[in-house]
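Note that this note's numbering has the sequence shown beginning at 1209, numbered continuously upward.
Notes to accompany the following structure.
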Amino acid sequence: HAKDLELFVRVSVSNEHAEIDLSKKFGAINSEATGLLRLTKQYAKKIGLSFHVGSQCMHPISYTKGIAEIGNIIKKTKIIPDYINVGGGFPTIYPDLVPQSLDNYFEEIKKGLDYLKLEKKPKIICEPGRAIVAESGSTIAKVILRKKQKLFINDGTYGTLFDAGIPNIVYPSRLITNGRIISKKMTSFDFYGPTCDSIDYMKGPFVLPNNVKENDYIELGQLGGYGLTFRTKFNGFFSDEIYEVEDQPIMTMYDK
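Next up, the structure:
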């Protein structure tokens, strides 16, 4: 009975260009969304349509396609929502994932919205998370053991490096030298975390100097978005040491 109730209908759209697909768990297909929109119109003061193109979306065309799907629902129901939420998915840069400029993403969103030619323009919402904050955080991990091109480190998929596991996000990496001579020859490594679980594995490849060894420290960047939030105390391995420093990120997609 809330007089200020606002409800959104989340529409399922293609996640074909996303590194992490979010479409299987959330979202109503077109035929379901039309009925839900009509229903929300009866009970809510304001209504919205939303979608999500998937996490780390690598092509801005996905937003145009999502907006087109929203347009189909508006056309069928003849209901213009108060809000259109184009969701998140805005990408950051990784060694093997170099996205287009965010300007291109916003241009595609504007193009898609203009194409709808709505009499009343809804308020547009977007949720850029990773794209804004990823570069603001790093994890410093210690090398516990080296076995050829496999490094056993004191953080892993049960800690801040969850996305380096099954999603296989390859974080930019660099060796912290501490004044010693570092080899100019670079080698690809994969990582094992500290827990007893064999799934605590990060395929990489993480490119580091060839002479990395036990007790060295490695910086892994782009962890400002999904890092600290993933930490668990599984097997008793946990760190809450956080330091604030001023330096440049390992990689950036923004002009300095």
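For every residue, glycine included, the Cβ atom is placed at its ideal position computed from N, Cα and C.
Under the 10 Å beta carbon count, glycine 1367 is surrounded by 16 or more other beta carbons and is classified as buried. Excluding its 5 nearest sequence neighbours in each direction, lysine 1254 has C-beta neighbours in its own chain below 6 Å: Glu1214 and Asp1290, listed in chain order. For the set Gln1264, Ile1333, His1225 and Ile1348, the Cα lying nearest the Cα of leucine 1436 is the one of Ile1348. Proximity of the segment 1322-1342 to the segment 1400-1413 falls short of the contact definition, fewer than three beta-carbon pairs being nearer than 8 Å. The criterion of a C-beta distance shorter than 8 Å is not satisfied by phenylalanine 1216 and leucine 1247. Taking 4 residues as the minimum length, the alpha helix (DSSP H) runs contained wholly in the segment 1257-1312 are 1269-1285, in order along the chain. By the C-beta density criterion, glutamine 1250 is exposed, having fewer than 16 other C-beta atoms within 10 angstroms. In the three-state DSSP reduction, tyrosine 1434 falls in the coil class, being neither helix nor strand. Apart from sequence neighbours up to five positions away, the residues of its chain that approach alanine 1226 with a beta-carbon distance below 8 Å are Val1261, Gly1262, Ser1263, Gln1264, Cys1265, Met1266, Ser1270 and Gly1297, ordered along the chain. Isoleucine 1458 and glycine 1444 have their C-alpha atoms spaced approximately 30 Å apart. Between the segment 1393-1404 and the segment 1310-1321, the count of C-beta pairs closer than 8 Å stays below three; the two stretches do not touch. Assigned with DSSP and collapsed to three states, isoleucine 1361 falls in strand.
Non-local C-beta neighbours of lysine 1211 in its own chain, meaning closer than 8 Å and more than five positions away in sequence, comprise Lys1253, ordered along the chain. Shortest Cα-Cα distance from proline 1268 to any of Arg1388, Leu1416, Arg1338 and Pro1299 involves Pro1299. As the crow flies, the alpha-carbon of phenylalanine 1442 is around 30 Å from that of threonine 1395. Around the beta carbon of valine 1453, a 10 Å sphere encloses fewer than 16 other beta carbons of the protein chains shown; the residue is thus reported as exposed.
Following the DSSP letters along the chain, one finds alanine 1339 inside the alpha helix (DSSP H) bounded by residues 1338-1341.
Looking from the CA of isoleucine 1352, the closest CA among Tyr1313, Ala1372, Asp1424 and Lys1329 belongs to Asp1424. Non-local beta-carbon contacts of glutamate 1277 in its own chain, meaning distances under 8 Å to residues more than five positions away in sequence, involve Val1219, Val1221, Asn1238 and Phe1259 in chain order.
With a 10 Å radius around the Cβ and a threshold of 16 neighbouring Cβ atoms, glutamate 1343 comes out buried. Distance from the Cα of leucine 1431 is smallest, within the candidate group Asn1362, Tyr1379 and Val1420, for Tyr1379.
Here isoleucine 1281 is buried, its C-beta having at least 16 other C-beta atoms within 10 Å.
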